[in-house]
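Everything on this sheet refers to the single structure shown next.
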Amino acid sequence: MATAPVCTVGLTSFSRSAFGWRNAEVPLPNFFHMNVALENKICYLELRNDCCGRRWSEKQHISSFKFATQASQKASNTVITSADQSPPSKEEQDCLVRVVNITKDTLGLRSCSYERLKFEVEYGLKRGTTDNSYIIKGPMGVALIDIPDQAFTKEYIRNLKNTKDINLLKYIVIGHLSPKRINSMIALGELLQQKSTFALPLDVYCSNPAAQLLSVSIPEKLKDIFSIKIVRSGDKLDLGGDHMLQFILTPTPRWPDGMCTYDPATQLIFTHKFFSAHVCTDNDFDVGGWEAYGEDWRFFYDCMLSPVARQVDAILQKLPIVPQFAKPSYAGRIGIDVVKADVKYILSTMLSSLNLPLSTSAAISGSLKAEGIFVTAAICPIHGPIVQYTLTELVREYNAWTKQRLNKTDEATIGVIYASAYGNTTALAQAISRGISKAGIGVETLNCEHSTNEEISSLVRRCNGFVIGSPTLAGHMPTPIQNALGVILNDNELRTKLCGVFGSFGWSGEAVDEIERRLKDGGFSFSFPTIRCKFKPTEAMLQICEESGTDIALAVRKSKLKQRRDTSQFVMASCVEQAVGRVVGSLCVVSARNGDAESAMLASWVSQATFVPPGITLAVAKDRAVESLILPGGKFVLNVLGEGKSSATMKQLLKPYKPGEPRFGGLQTKEASNGGRVLLDAISWMECTVQSRMETGDHWVLYATVDDGQLQDDKTLTAIHYRKTGTYY
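Read left to right, the sequence shown gives residues 1 to 729 (UniProt numbering).
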């Protein structure tokens with residue numbers, strides 16, 4: 001088909017998001033050119049790299065885009081943006097925005113999706129998500145707290161326009177800002193520019209990292225819309241009517257721009273990622289309590305905050321959250337102070353049972369507040385439900401989980417060092433960190449872009465092993481990774497530590513290869529094969545990362561155990577261990593699949609749990625690869641092995657595997673309706689759905705209902721696994 005070229009320009013910037021390339025870590029320097037051609041309302045695009053001859057073609061319906069070309073002395077910049085009439089994406093079709101009245105002065109705009117939007121590990125429960133934004137109305141102005149992800153931009157702006165208080169907007173407070181939220185910020189700026197009711201510019205209160213991202217991302221035409229105010233911890237913003245907003249900086253390696261906001265008038269605290277959960281239900285508040293949301297809060301913490309437990313511990317000290325009607329402490333009180341505490345105790349007990357509206361309870365509890373703490377009616381996170389009914393329990397569990405992770409870190413630690421251009425390398429780092437945590441080893445993550453050489457050196461020195469990850473930019477690793485690698489290679493004492501390498505790229509991934517080569521030349525030992533991810537990671541790639549993290553953690557744990565054995569005398573199994581070892585179980589094979597990720601394991605800790613509905617319990621070690629595929633709501637197949645027919649299956653499943661390697665090998669199987677594998681020589685099989693799970697030390701005990709099943713061999717008895725000690729399988 002002949003097409004007429006419209007333009008050929010050198011590119012220095014390009015809106016990849018318009019063509020589904022939003023996460024591709026592909027630089028576009030001046031030697032890239034783009035050919036644009038039109039034929040029957042179809043836009044044909046070809047990217048050409050004049051240095052290496054690579055080409056990348058794409059076509060889109062021309063009604064979806066509008067073009068603007070700006071001349072420049074060095075090169076032309078072609079900016080492609082979605083037109084107003086462009087059809088909604090699949091993500092946008094699945095999204096809606098709910099407006100909720102939290103108090104008479106506070107609104108919530110909850111962008112909701114009941115489907116899993118992304119493949120990152122923190123969305124693994126597949127319970128949807130919400131992206132929460134809030135509006136605070138004060139006599140001296142209105143403040144908007146946070147903006148949503150780009151998947152929600154259109155619906156969010158439409159609802160924001162219909163909010164009557166938006167015409168009084170004077171301030172924007174950013175608790176967390178990422179490149180994926182910039183589109184919403186730009187759309188908000190365009191809305192403000194169109195309306196004549198606003199007194200521009202609007203003050204934007206945010207941390208320094210957020211200010212830097214905002215200043216380089218906002219188009220020049222919108223620069224006069226926003227006036228950026230860099231916040232220091234302890235700064236305040238007065239909206240009038242006791243709405244004296246207090247800002248608390250809460251940076252972590254994952255979110256260096258983090259900032260919480262406390263409103264003493266309503267006793268609401270806005271905590272961005274802290275106390276969040278990726279879950280979407282019909283309730284805007286945590287109705288149902290811990291039973292309904294506990295798993296979601298724990299899973300989000302394990303994926304996102306567990307790897308930065310040291311920073312989380314410091315942040316929790318800066319956020320002394322207590323519920324409105326908490327019982328007082330008598331510590332250090334004498335005389336009349338004891339009487340006052342008694343009165344406060346009686347009042348708090350009476351008022352907490354009344355279940356008052358948030359506005360009323362905030363007004364009443366004002367007399368009970370104390371200095372140095374945040375008396376809180378509800379926690380307003382950026383994801384998940386507004387936390388009102390489970391506030392005390394969630395804050396307590398956050399502290400307990402953090403202390404638990406710090407104890408693990410004191411025993412043994414693995415450092416995860418990375419930099420990321422578009423978020424893909426970060427997603428890999430999070431999956432590796434989760435794999436390390438599953439194995440019971442402490443993990444500390446460090447974003448090189450926001451760290452000094454001294455911090456990198458200190459981390460690697462105190463860790464028992466490390467992994468390092470990098471994107472590839474213009475054929476090279478970015479400067480922060482070059483510096484980090486130099487710090488590691490220049491310290492001879494680090495060469496005995498186990499290591500691993502990972503990275504994402506758009507073309508050939510030279511940075512990953514170079515890091516691997518230089519570490520090998522330096523004499524470092526690798527605990528897993530180097531991970532190379534092209535473009536956006538899939539579920540299978542995230543599974544490989546998680547298993548790789550578990551592998552290095554198990555290697556470190558094995559080394560620590562060897563050191564202990566070398567310094568202690570041989571000890572026979574105790575009487576208790578020998579007694580427990582006489583508990584037997586049927587030999588089974590668990591198989592599960594999630595998208596393109598698949599795994600299986602041999603299991604003997606299986607029991608029937610219920611008659612109606614038919615249900616089983618299954619114990620799964622936290623460091624098992626299949627564990628991440630059988631979360632609550634997940635599906636699996638349980639194959640029961642037969643006596644005298646289990647040796648080949650056991651031999652296959654007990655051998656060591658590389659991360660992501662298929663488990664069944666030459667075993668004969670067929671696919672079940674839920675995606676798992678049925679062993680043809682199993683005497684029976686069951687398709688199961690995980691209903692709940694309970695944490696029990698180093699294992700999860702799952703309760704699953706049986707959806708379907710079949711007896712394949714009615715003459716063979718079940719294979720039984722016999723042991724002599726309860727210290728291993």
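Every residue gets a Cβ at the ideal spot worked out from N, C-alpha and C, and that includes glycine.
Does residue i come out as helix, strand or coil in the three-state DSSP assignment?
| i | result |
| --- | --- |
| PRO613 | coil |
| THR163 | coil |
| ASN30 | The predicted model places ASN30 with a pLDDT of 38, which falls under 50 and marks its position as unreliable; any figure quoted below should be read in that light. Coil. |
| ASN483 | helix |
| ASN674 | coil |
| LYS243 | Per the sequence presented here, residue 243 reads as His, with Lys not at that position. Looking at HIS243 - three-state DSSP - the assignment turns out to be coil, as it is neither helix nor strand. |
| VAL626 | helix |
| GLU444 | strand |
| LYS655 | coil |
| SER133 | strand |
| LEU96 | strand |
| GLY294 | helix |
| PHE275 | coil |
| GLN578 | helix |
| GLN311 | helix |
| ASP282 | coil |
| CYS463 | coil |
| PRO219 | coil |
| VAL375 | strand |
| SER525 | strand |
| THR550 | helix |
| HIS476 | strand |
| THR649 | helix |
| GLY665 | coil |
With DSSP as the reference, identify every bridge partner of residue i, one or two as the case may be.
| i | result |
| --- | --- |
| GLU120 | The partner list for GLU120 (beta bridge, DSSP) is empty, contrary to what the question assumes. |
| TRP700 | VAL620, GLU695 |
| TYR398 | DSSP output for TYR398 lists no bridge partner at all. |
| ILE720 | SER586 |
| ARG593 | GLU598 |
| ARG532 | GLY503 |
| MET259 | LEU249 |
| residue 811 | Since the first and last residues shown for the chain are 1 and 729, residue 811 lies out of range. |
| LYS635 | THR689 |
| ASP708 | GLU687 |
| LYS229 | TYR205 |
| ILE436 | In the DSSP output, where bridge partners are listed per residue, ILE436 has none listed. |
| ALA143 | ILE136, TYR171 |
| ASP238 | MET244 |
| PHE270 | THR261, CYS380 |
Closer than 6 Å by C-beta to residue i: which residues in its own chain qualify, once you throw out the five before and the five after it? Chain order, please.
| i | result |
| --- | --- |
| ASP708 | GLU687 |
| MET601 | VAL590, ARG624, VAL626 |
| LEU489 | GLY522 |
| ALA290 | It should be noted that the sequence gives Trp, not Ala, for residue 290. THR390, GLU393, listed in sequence order. |
| ARG532 | GLY509, VAL512 |
| ALA603 | CYS588, VAL590 |
| LYS180 | ASP149, GLN150 |
Would you grab the beta carbon distance between residue i and residue j for me? Rounded to a whole angstrom, and I think it's under 8 Å.
| i | j | result |
| --- | --- | --- |
| ILE630 | VAL678 | 16 Å between Cβ atoms; not a contact. |
| LEU494 | VAL460 | 6 Å |
| PHE535 | GLY506 | 6 Å |
| CYS545 | GLY475 | In fact, because the Cβ distance is near 24 Å, the residues do not count as touching under 8 Å. |
| VAL121 | GLN430 | 5 Å |
| ASP286 | PRO385 | 4 Å |
Among residues of its own chain, excluding the 5 on either side of residue i, which ones have a beta-carbon nearer than 7 Å to its beta-carbon?
| i | result |
| --- | --- |
| ARG98 | ARG110, CYS112, ASP284 |
| TYR728 | none |
| LEU177 | CYS206, ALA210, LEU213, LEU214, ASP257 |
| GLU516 | VAL501, THR530 |
| SER684 | VAL640, GLY709, GLN710, LEU711, GLN712 |
Among residues of its own chain, excluding the 5 on either side of residue i, which ones have a beta-carbon nearer than 8 Å to its beta-carbon?
| i | result |
| --- | --- |
| PRO632 | LEU125, GLU295, VAL690, GLN691, SER692, ARG693 |
| LYS236 | MET244, LEU245, GLN246, PHE247 |
| PRO201 | ASP224, ILE225, PHE226, SER227 |
| GLU190 | LEU222 |
| LEU406 | ALA309, ARG310, ASP313, GLY442 |
May I ask you to check if the CB of residue i is nearer than 7 Å to at least one heavy atom of the ligand MG?
| i | result |
| --- | --- |
| LEU654 | Judged by which ligands are present, the structure shown has none, so any question about the ligand MG falls away. |
Quiz item: Counting pairs of Cβ atoms below 8 Å between the segment 400-417 and the segment 293-309, do you hit three or more?
Solution: yes
Quiz item: How do the segment 316-325 and the segment 410-429 stand: do at least 3 beta-carbon pairs fall below 8 Å, yes or no?
Solution: no
Self-check item: Cβ pair count under 8 Å reaching 3, the segment 112-130 against the segment 163-174
Solution: no
Exercise. Please confirm if the segment 270-278 is in contact with the segment 244-255, defined as three or more CB-CB distances below 8 Å between the two stretches.
Key: yes
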